[in-house]
Each structure stands twice: as structure tokens, then as C-alpha cells.
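First residue of the sequence shown? That's 487 in the working numbering, and the numbers climb one at a time after it.
Structure record follows, encoded as C-alpha cells.
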Amino acid sequence: MKLKVDDYQIKIPDFKIESTQEIKIGSYQDYTIQSEACDIIQFALESSNNSNNVFIVGPSGSGRRSMTNKIVERIALTKKIPQDLIYVFNFEDERKPKLLKLPASQAKNFKSELQAIIDSSIQVLNKTMNTEEYQNRLSSLEKEYNNQREKLWSDLRKEAQNLGFILEASEKGIISVPIYNGKRLSAQEFEALPDEIKEYFRQNSEKLMQLIERTMSKITELDKEYWEEVQNLRRYWASFSLTKLFESIERKYIKYSDVFEYLQKLKEDMASHLLQLTSDNQNLIRLLKEKRYNVNILVDNSYLQGAPVIIEDNPTYSNLVGKIEYYSQMGFLQTDFTMIKAGSFHKANGGYLILEAEKILRKPYSWEVLKRVLSEKEVKIENVQSAEGYSSVETLDPEPLSTNVQVILIGEDWIYNLIRAYDSEFEKLFPIKSQFDYESELVEENLNRFLAFISNTVEENDLSHLTKDAVNELIKYACRINESNKKFSLKLGDLKNIIIDAYHFSRKNPESYYISAKDIKDTISFKEKMHSFYKNKVFNAIEEKKIDIKVDGSEVGQINGLTVLNTGDFSFGHPVKITAKSYRSSSEKIINIHRDIDLSGKIYKKSSLIIENYFKHKFSSFILSGFGVSLNFEQVYSIIEGDSATVAETLALMSSIANIPLKQNVAITGSMNQNGEVLPVGGIIEKIEGFYESCKKLGFTGYQGVIIPSRNIDNIVLKDEINEDIKNEKFHIWAIEHIDEAVELMTNYKAGKPNEHGEYEEGTFYYYVCENLKKLAKEEENKKNKEEKENN
């Protein structure tokens, strides 16, 4: 069937506006074409089950991220603001900082209030230490202590005299000196004494040592009691002074039991450190304030208007669960609770955390820690070195946070399928899947939402609005990149960029108030030129005959196939010469050069076997003995993949056997099954335009065109230039459903239908295929007979 432009023209529903300025945006639902995917996201986030973590699947540029952000942010505004999080010193175990929760926006106030109270407390404690009453109490304790201590020493000295000794203090401690007849004895004098006297002193010396030990024990106990009383006195006076200062903040936070308990212990600790806090050592006081009595605000939610929405673009281990930093002191790494930093899970607690799946898979340990937090519903701040057991630096063990976070992962289909296949916990942790489509039906409802998307893009980026014709051009482009004249692409990121770039083209005309259809066309043309370096090289080579392509005349066993070359950021089609050569052979075989030298992929190898099976089945009655055919893609030196040349190769094969030429002014693309039915292929736009460009380079004849599968008609979206030439009969497109139609279009012969005996009508294409197969068989038989006679 020969196609007219109307057969594949895009049917855009009429919209009653002159520009997108007339479009009014109410809410995100007005401009979301991905309604089903968005409904699933909304259901998951609005449910009371915070384990409904969501995996959003869809191609990049489909609006999956921007739309997700809008939905999540809208729902977050309906939720309450979560508590602030702070870490404070643990007075029972400084290695395990305490995590406290405060009402939203209260952390800063709490810290400033507490710091003010501590500063005031230090001043008050200094005054307390200098009050007359306190000093009198302290003097009284000291006097009583000194009296008791002196009495113990006095009693000891008396006991020593009764035993014949006097006691003296020395650098080595207390020494005892014997007295005899009222005289101190030296060592020589002592040795000169009679033995019975010396024995007397020795016995008494032992008794004296026991007395000294008992007395020293009493003095030690007395010292201990004294210092305890002094400490109790200091604590009492400090506590008495601090009670009034802490009264207001305790009353304010009494309903937060953990905060109130912390304030009580803080007050007790300050009382215990009275001497340090009232000393002249300002560095010591500063350290106490910064490293012991400080408040580390982990999460401050004062800026929120609802639940937090955290988008983590760099999901490293520490960015997810936080980290403990260190500082160097005297050549050693030190840390404390003020060095604890929050991760995204802390910031998102009570709300939502949005992550890109591919990024988190590329970061070491991130996927495992994400699963751990979701499974345990608890986030523990721990550096990865400590978690993995290869850190020798002393660290902290902060109190973990019980989490209440819904995680939204965003990724493409292959990532979703990869994780699902290799991680058994995945579906349990992410039970909700929201699939973003890559295309949408070109119907009025979707078109209205697309118009709203355009208007929203204009408003968000402060652009000029689009005219009606400009919108039509943008829709055509959306259909073109989707390779469909009935559905338009939902690569909203790409379409957004076209609008933004078209605005800059429109600025070249200072009198232009809107973005016009020409601006859209110029933008699309510019982007194509930007990526057309290799395309121009290929078509220049065709024009210069360096790539051997014929676009007129006819040739036996030669046909123009169509292929698509992808350069990474751009793809284009161009023709490729396919040739077939038949010959007599001792056995039936079809040699496919690319397949047989392993210069092809699996799909292509499958298609080559389909060709063989189709041919042998169709002409099995006429293949009496051996024949051979070779197939080749000329000037192709890379690996061939795909089955879109199946029809072309089959035609070249049969043309070679039938010795009937094929038209070179017509190129063909199409897959085929074993029944000869033509199947659709990809890249249909690039292939049609690739042959058109070749004809343009080599010269139009008015008879050139492309044969495509009928099932690809919906995929045709061509440039205006080509559509005009098709209207003017300068270029043509034919659509076929069976290879027989291709035979008749590519030759001047009827394909032919077999009769009840399986024979084809004389003069048809298949008749000549059969006749030449019989001829080849006869020649092979004659050859064998001749060889047998010569051998005999």
C-alpha cells in the first residue's frame, strides 16, 4: 500500500486557546499526565503505614523526580512538624552521649537559655564561695578537722613517750627515736646498751609501729570524712544557689522527662565541679562549658512548615546515617559529643527521604546501611570504619534514634529489576512500586494536562508563553522522539529544555511577545545540527561514492537495506548495500558471511535461520540437490545486530537465484516470521529519513522511496520537508504485510501463488526461483554423472 501523508499525519485535538497564557494552573493534578503513577505515590504517602516505602520506576526525563517532589512536598505540608534533636553530655558514661527530643524550633531556644543559665551560674557560684556564711561554715569544718587531727597526733606522741620513744617527721615519713635516761640515743649509743634494755626497746618499737599504723588509718579516715563534708557543703551551697537559677528552665521542660532528667544531672554535675568552675583557670572553665555543658543541635526543624522532605543527592554512608568527626590534640585524635553530625535519616525523621537508586548502589556500604535502618527502624551514628571493624581510634557510641521515615527510591526499570533479582529483602522493604510511563495517548484529557505542563514550565522559569502553533510544533516533536503519531513522549525534561531554548531564540526578535512555532523549529534544528557531525560525514561519503549506494536502476541479488547508527547522544539512519550470490553446490547451504565469521549478534543469527527455514520450506519441492547462496552486508565492518533486514536479505537471496533484478531506487526495512509475514522494526523515522537524505545527495528521480512494515505506520513522524516531497510525489513510502508484496514492489513481476501441485504460474517471480533451483540441481546432477563416467 502506497502511503499518503494523511495516512500517518498526527491528529492533534483542537484546543480553544491562542496561547498558553490562557491556561490556569490549580494544583499539581492539573499538569500531571502520569496520573496512575502519582495516585500510587499519594496512596503510599497518605497511608498510616510508614513502612510503605516507594520505588518509583521510569525513564530519566519522564518527570518522575520533579513530580514526586511536588507530591511529597504537598503531602508533607499536611503533616505535623517533627521534634528537634539534640545530643548532650552523658554524665554517667561520656562515651555514650544522650539524645534528647524537643518540640520543633525549641532546640535553639533551649541551647541559648541553658548557656545563659550556665554563665549566670558561674557568676553566682563565685559569689557563693566568697559569702561570709559559706566561709564561716568552711572554717568551722576546717577547725574541727584540725582539732581532731591534732588530738590523734598528740595521743600518739604520748603513747610513744610511754614506750620510750619520741616521734619526728622526715622526708621518709615518721621516724621513732629511742630515749634513755632522758637522752636521745644515736645508733652507736643504742648498740652499746645492755641486751635486756635493747630487747625492751625492740618490743616497745613493735608496739609503737602498731600504734602508728592505727593512728594513720584514723587520720586517713578523718581526711576522707573531712573532704566529703567539704564537698557536701560545697554541693549544698552550689545546689542551693543553682536551684533558683534552673527553676524557670526546669518548669518549662518538666513535661519532657528526658530533658528534665538531664537538667537535674547537669545541675548536680556543676555543683560537683564547683572548684573548677570558680577557679582562675579560664581555659578550664571554657572547656567545661564547650565540652561538658554544651548542647549539640543535631536537627533544627524551625524552618519547616510541615514534615521534612529531604532530597539526598550524594547518598554516602555518612550522609545517610551521620558521622563522628575528630580533632587533633597533642598528636592524638580526640572527639566528643559536640562533634556528632546528623545524616539524612535524622533530618528526614517524621517525614520523607528521596534517593536515586543508581547513586546509592554506586556508594560503598550505602545500600546495606539503608536496608539496616529500614529493617530496624533505628539509625545509629557510627563511622563506617568503626562499623566495619577496621578503626583503632577511640570513638563514641551515641544513643540511636528510633526512626519514622518513608523512603522514596527513584530509578529506571533495569535498576529495579536488578535489585529485585539479587536482594531477597527488597520487596519487603519497598512494597510499593509506582511506574512512570514513557508515552501518553494523544487525547484531549492528556493534551489539556500537557498544555498545563507547558504553562507551568513557562511560569516557573519566567519565560514567554507559547502560541497555539508553537504548542502544535512541540507536540509533533514529542511524538517524533517517541516514534509515534498517536502517542507523545513523556520525557518532560527534554521537552522543558526545548521550551527554555526556544525562549532564547524568541529573544532574537525584540518585537516577539510569545514563543512561536518558528522558535520551536529553530531550536529542534539547532539541537540536531549540534549532534550531526558523524551524520554529515556518512552522507558526505555517500555523495562522494566512498560508501557504495545506488538509488536508481536495478540489480540482481542486490538491495538497499536500512540501518540506524547510534553515536551515543544522537542516532540517524542510512542505507546499506546487501548482496547475495547464488551458485551450484554439492549440498544445500546459505552462507551468511557476517554470521559465519561471528560478526553478528544473537538476534541477527536468529533472523538468518528464519530466512533459511522460510526459503527451504517454501521451495522444498524444487530443491532437488545442492545449491549455495552467500549473503553479505557490503562495507560493514562492525557487529550487526537486529532482525530489521530479514525481508531485504530474503529478497536479495531469491533475486540472485531467480536472476531477476531488484529496484535500487527503493530501500526496504522489516522483520519477518517463518510464514513470510512482515513484522515491525525500530528506528523507522531515522531509516526513512536516512534513505531520503541519500537520494537528496545522489539526486532525486521522482521514483524513490522506502518500503516499511504496515505495523510501523503509527511510528512515522517525518520532517516537513519530506512530507512536502511525499505530497508532491517526489518521494514515496509503501507499507506491506507480507513479503509477497515486497517482491512485487521491488520487481516488475507478480509474486505468484502455488497451484494444487505446488507449482507457480509461469512468468511469476517464484516461478523463476523454482526454475533456476531445478536448473542448478540439473547442472549439479550432470556434473556428478560426468565425474562418475570419468572415474569409471
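No residue lacks a Cβ here, since even glycine has one placed at the ideal position from N, Cα and C.
Keep in mind it's a predicted model, so treat the numbers as computed, not measured.
Residue i (DSSP reduced to helix, strand or coil)
i	result
methionine 1232	helix
arginine 670	strand
arginine 966	helix
serine 1068	strand
glycine 979	helix
asparagine 1277	helix
lysine 1036	coil
isoleucine 1010	helix
tyrosine 1100	helix
glutamine 1150	coil
valine 456	The first residue shown for the chain is 487 and the last is 1278, placing residue 456 beyond what the model contains.
serine 1018	coil
leucine 782	Residue 782 is actually asparagine in this sequence, not leucine. Looking at asparagine 782 - three-state DSSP - the assignment turns out to be strand.
phenylalanine 501	coil
glutamate 1265	helix
asparagine 1271	helix
threonine 802	coil
tyrosine 789	coil
methionine 1140	helix
serine 1086	strand
leucine 887	strand
histidine 759	coil
Buried or exposed (CB count within 10 angstroms, at least 16 for buried), residue i
i	result
asparagine 782	buried
glutamine 647	exposed
glycine 875	exposed
phenylalanine 541	buried
serine 788	exposed
leucine 1117	buried
serine 852	buried
alanine 907	exposed
aspartate 1055	exposed
isoleucine 961	buried
leucine 1259	buried
phenylalanine 529	exposed
arginine 1081	buried
glycine 1188	exposed
proline 794	buried
tyrosine 1123	exposed
arginine 966	buried
glutamate 931	exposed
threonine 1053	exposed
Neighbourhood of residue i by C-beta, 6 Å cutoff - its chain only, sequence neighbours within 5 removed
i	result
aspartate 516	Because the pLDDT of aspartate 516 is 49, which lies under 50, any placement of that residue in the model is unreliable, and the question is left without a value.
isoleucine 1045	Ile1064, Ala1134, Leu1137, Ala1138 and Leu1148
isoleucine 1321	With the chain represented from 487 up to 1278, any question about residue 1321 goes unanswered, as that position is not in the structure.
glutamate 1242	none
isoleucine 1010	Tyr963
leucine 679	none
tryptophan 1220	Lys488, Ile1193 and Leu1231
aspartate 822	Lys777
alanine 1027	Ile1033
Neighbourhood of residue i by C-beta distance below 7 Å, restricted to the same chain and skipping five residues each side
i	result
lysine 693	Leu649
proline 664	Gly650, Phe651, Leu671, Phe676 and Phe687
Same chain, Cβ closer than 8 Å to residue i, neighbours up to 5 away in sequence not counted
i	result
serine 888	Lys863 and Glu864
phenylalanine 1217	Tyr1178, Cys1181, Phe1186, Gln1190, Gly1191, Ile1208 and Asp1211
serine 1172	For clarity, residue 1172 is glutamate in the given sequence; the question names serine instead. The answer, listed in chain order, is Val1050, Ser1057, Phe1058 and Gly1059.
Subject >> Segments of 4+ residues assigned as alpha helix (DSSP H) that fall wholly inside the region 1193-1258 >> reply: Within the region 1193-1258, the complete alpha helix (DSSP H) runs of at least 4 residues are 1206-1213 and 1225-1232.
Original post:
Is the region 1258-1267 in contact with the region 1211-1228, if contact means three or more CB pairs nearer than 8 Å?
Top reply: Contact fails between the region 1258-1267 and the region 1211-1228, because fewer than three Cβ pairs, one in each stretch, are under 8 Å apart.
Original post:
Is it a yes or a no for the region 1145-1161 touching the region 1091-1109, going by three-plus beta-carbon pairs under 8 Å?
Top reply: The region 1145-1161, when compared against the region 1091-1109, does touch it at the 8 Å Cβ threshold.
Subject >> alpha helix (DSSP H) segments (min. 4 residues) lying fully within the region 905-963 >> reply: Listed in chain order, they are 912-915 and 930-946.
**OP:** May I have a chain-ordered list of the alpha helix (DSSP H) segments no shorter than 4 residues that lie completely inside the region 833-871?
**Re:** List check, alpha helix (DSSP H) in window: 843-848 and 852-862.
Original post:
Are the region 567-575 and the region 586-601 in contact at 8 Å, needing three or more beta carbon pairs?
Top reply: Yes: the two stretches touch, three or more of their Cβ pairs being nearer than 8 Å.
**OP:** Would you check if the region 542-553 and the region 1035-1054 touch, i.e. whether three or more CB-CB distances between them fall below 8 Å?
**Re:** Here the region 1035-1054 does not lie against the region 542-553, with fewer than 3 beta-carbon pairs under 8 Å apart.
Original post:
Counting Cβ pairs closer than 8 Å, one from the region 595-611 and one from the region 732-750, do we hit at least three?
Top reply: The region 595-611, when compared against the region 732-750, does touch it at the 8 Å Cβ threshold.
Original post:
Given 8 Å as the limit, is there contact between the region 1190-1206 and the region 1163-1181, that is, 3 or more CB pairs closer than that?
Top reply: Cβ pair count under 8 Å is three or more, so yes.
**OP:** Indicate whether the contact test is met: 3 or more Cβ pairs, each with one atom in the region 548-562 and one in the region 752-770, closer than 8 Å.
**Re:** In this structure the region 548-562 does not touch the region 752-770; the number of beta carbon pairs closer than 8 Å is below three.
**OP:** Decide if the region 971-983 is in contact with the region 1014-1026; the criterion is three or more beta carbon pairs, one per stretch, under 8 Å apart.
**Re:** For the pair of segments examined, the region 971-983 was found not to touch the region 1014-1026: the number of CB pairs separated by less than 8 Å stays below three.
**OP:** Kindly provide the ranges of any beta strand (DSSP E) runs that are 3 or more residues long and lie completely inside the region 639-698, ordered along the chain.
**Re:** For the region 639-698, whole beta strand (DSSP E) runs of length 3 or above, ordered along the chain, are 651-656 and 659-666.
Original post:
Taking three-plus beta-carbon pairs below 8 Å as touching, is the region 950-961 in contact with the region 498-507?
Top reply: They touch, by the three-pair rule.
Original post:
What are the start and end residues of each continuous beta strand (DSSP E) run of 3 or more residues lying completely inside the region 561-612, in chain order?
Top reply: Fully enclosed beta strand (DSSP E) runs of no fewer than 3 residues occupy 570-574 and 584-588 of the region 561-612, in order along the chain.
**OP:** Spell out a yes or no on whether the region 761-769 and the region 799-818 are touching, meaning 3 or more CB-CB pairs, one atom from each, closer than 8 Å.
**Re:** The region 761-769 makes no contact with the region 799-818; the number of CB pairs closer than 8 Å stays below 3.
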